[in-house]
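Q:
Residue numbers (this note's numbering): 5 to 304.
1) Tell me the DSSP bridge mates of residue 57?
2) Can you tell me whether residue 202 is helix, strand or coil according to DSSP?
3) Taking just the CA atoms, how far does residue 262 sit from residue 10?
4) Would DSSP call residue 196 helix, strand or coil?
5) Excluding the five sequence neighbours on either side, which residues of its own chain have a C-beta within less than 7 Å of the C-beta of residue 221, listed in chain order?
6) Only counting the same chain, and skipping five residues up and downstream in sequence, which positions put a Cβ closer than 6 Å to that of residue 66?
7) So residue 228 and residue 198 are in contact, right, with Cβ under 8 Å, and what is the actual spacing, rounded?
8) Can you tell me whether residue 105 is buried or exposed? The criterion is at least 16 other CB atoms within 10 Å of its CB, across all chains shown.
9) Which of the three DSSP states is assigned to residue 214 in this structure?
10) To the nearest angstrom, how far is it from the Cα of residue 19 to the Cα of residue 13?
11) Based on Cα-Cα distance, which residue from 54, 213, 43 lies nearest to residue 98?
12) What is the DSSP secondary structure of residue 100, counted as helix, strand or coil?
13) For residue 89, does the three-state DSSP call read helix, strand or coil?
14) Which whole-angstrom value is the C-beta distance of residue 109 and residue 216, which I expect to be below 8 Å?
15) Taking the continuous alpha helix (DSSP H) assigned at residue 265, which residues delimit it?
16) Do residue 113 and residue 208 have their beta-carbon atoms positioned less than 8 Å apart in this structure?
17) Short check: CB of residue 101 to CB of residue 218, under 8 Å?
18) With distances taken Cα to Cα, identify the nearest neighbour of residue 56 among 74, 264, 39, 31.
19) Reducing DSSP to helix, strand and coil, say where residue 235 ends up.
20) Can you say whether residue 1 is buried or exposed, counting buried as having 16 or more other CB atoms within 10 angstroms of its CB?
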């Protein structure tokens with residue numbers, strides 16, 4: 005019998021695992037090329053047979069196959085002294101510079117040289133990069149490793165202690181092997197946490213960014229904005245996953261509990277049809293000043 009629910013969960017986990025940021029697949033490759041010139045071809049191209057004066061000016065010789073031979077006049081271009089840029093264009097250019105040079109600014113701030121960065125790119129292309137386990141995968145592994153200590157009648161406490169010691173030694177050996185692998189291929193992808201920087205480091209980071217066409221204070225502000233957007237996306241994703249857990253016919257109570265959990269702590273106003281306090285019929289109490297004024301008027 006096919007369990008469609010488990011199959012859907014496995015499919016969702018698989019697609020969540022392979023889903024990545026499209027910017028990670030963007031690569032720009034460059035290669036140095038040497039231009040080989042043939043002197044015979046160059047002399048043949050510049051021979052008087054193929055060259056002709058343009059508009060009768062012998063000082064301005066062009067090729068007879070040049071398209072300028074069909075033009076009578078080319079106006080002189082005089083660039084403006086000042087190139088006015090609107091504030092919107094300047095803001096867009098600063099944002100583009102942030103996206104262009106964000107990695108370079110972080111590397112300069114961390115003191116990573118260009119050779120180390122290029123070596124890291126080479127290792128990523130060669131081995132596909134180091135895939136760090138996510139927090140969810142760590143939790144799943146921890147749940148698999150967790151076991152309940154139970155002492156049977158025939159067993160002793162010493163056996164349980166020995167098993168715990170062996171398990172601790174295995175975990176230590178796994179951590180040592182992981183650290184050794186990290187030392188072989190160092191990961192220098194720098195991600196600066198804005199909340200952990202002091203005022204001096206923030207000023208230094210903004211100063212590093214000014215050399216790449218950004219204004220003072222732009223880099224840290226945009227970094228903080230990116231972090232807030234990432235946190236919002238993470239919270240929305242967690243909310244969707246929690247909603248998906250409570251989908252189905254038999255999960256009406258779970259959905260109600262989830263809704264009550266979200267509304268917990270909120271101040272809910274009473275409904276419009278709620279019973280209001282009825283007016284009281286106590287005798288009206290007059291002030292003493294009013295009573296004295298009435299007695300005087302009656303005595304007259």
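All C-beta atoms, glycine included, are put in the ideal place defined by N, C-alpha and C.
A: So, from the listed chains and residues:
1) As a working mapping, residue 57 is identified with position 53 in the chain shown. Paired residue(s): 65.
2) Counted from its first residue, the chain shown places residue 202 at position 198. Of the three classes helix, strand and coil, the one that applies to residue 202 here is coil, per DSSP.
3) Within the chain shown, residue 10 is the residue found at index 6, counting from 1. Within the chain shown, residue 262 is the residue found at index 258, counting from 1. Taking the straight line joining both Cα atoms gives about 22 Å.
4) Translated into positions along the chain shown, residue 196 becomes position 192. If DSSP states are grouped into helix, strand and coil, residue 196 belongs with coil.
5) Residue 221 sits at position 217 when you count from the first residue of the chain shown. Correct list, in chain order: 210.
6) Working through the chain shown from its first residue, we reach residue 66 at position 62. Result list for residue 66: 58, 72, in chain order.
7) Numbered from its first residue, the chain shown carries residue 228 at position 224. Numbered from its first residue, the chain shown carries residue 198 at position 194. Yes, residue 228 and residue 198 are in contact; Cβ-Cβ is about 5 Å, under 8 Å.
8) Position 101 of the chain shown, counted from the first residue, corresponds to residue 105. Under this definition residue 105 is a buried residue.
9) Position 210 of the chain shown, counting from 1, holds the residue named residue 214. It is helical.
10) In the chain shown, residue 19 corresponds to position 15, counting from 1. In the chain shown, residue 13 corresponds to position 9, counting from 1. The alpha-carbon atoms of residue 19 and residue 13 are separated by roughly 10 Å.
11) In the chain shown, residue 98 corresponds to position 94, counting from 1. Of the listed residues, the one whose Cα sits closest to residue 98 is 213.
12) To locate residue 100, count along the chain shown from 1; it is residue 96. Three-state result, residue 100: helix.
13) Numbered from its first residue, the chain shown carries residue 89 at position 85. Coil at residue 89, not helix or strand.
14) Position 105 of the chain shown, counted from the start, is the residue given in the question as residue 109. Position 212 of the chain shown, counted from the start, is the residue given in the question as residue 216. Confirmed, about 6 Å.
15) For the purposes of this step, residue 265 is taken as residue 261 along the chain shown, with counting starting at 1. First-last of the alpha helix (DSSP H) with residue 265: 256-267.
16) For this step, residue 208 is matched to residue 204 along the chain shown. For this step, residue 113 is matched to residue 109 along the chain shown. Their beta carbons are under 8 Å apart, which means residue 208 touches residue 113 by this criterion.
17) Position 97 of the chain shown, counted from the first residue, corresponds to residue 101. Position 214 of the chain shown, counted from the first residue, corresponds to residue 218. Yes, the Cβ-Cβ distance between residue 101 and residue 218 is below 8 Å.
18) If you number the chain shown from 1, residue 56 lands on position 52. The shortest C-alpha separation from residue 56 is found at 74.
19) Sequence index remark: in the chain shown, residue 235 carries index 231 (1-based). Of the three classes helix, strand and coil, the one that applies to residue 235 here is helix, per DSSP.
20) The requested residue 1 is not part of the displayed model; the chain covers only 5 to 304.
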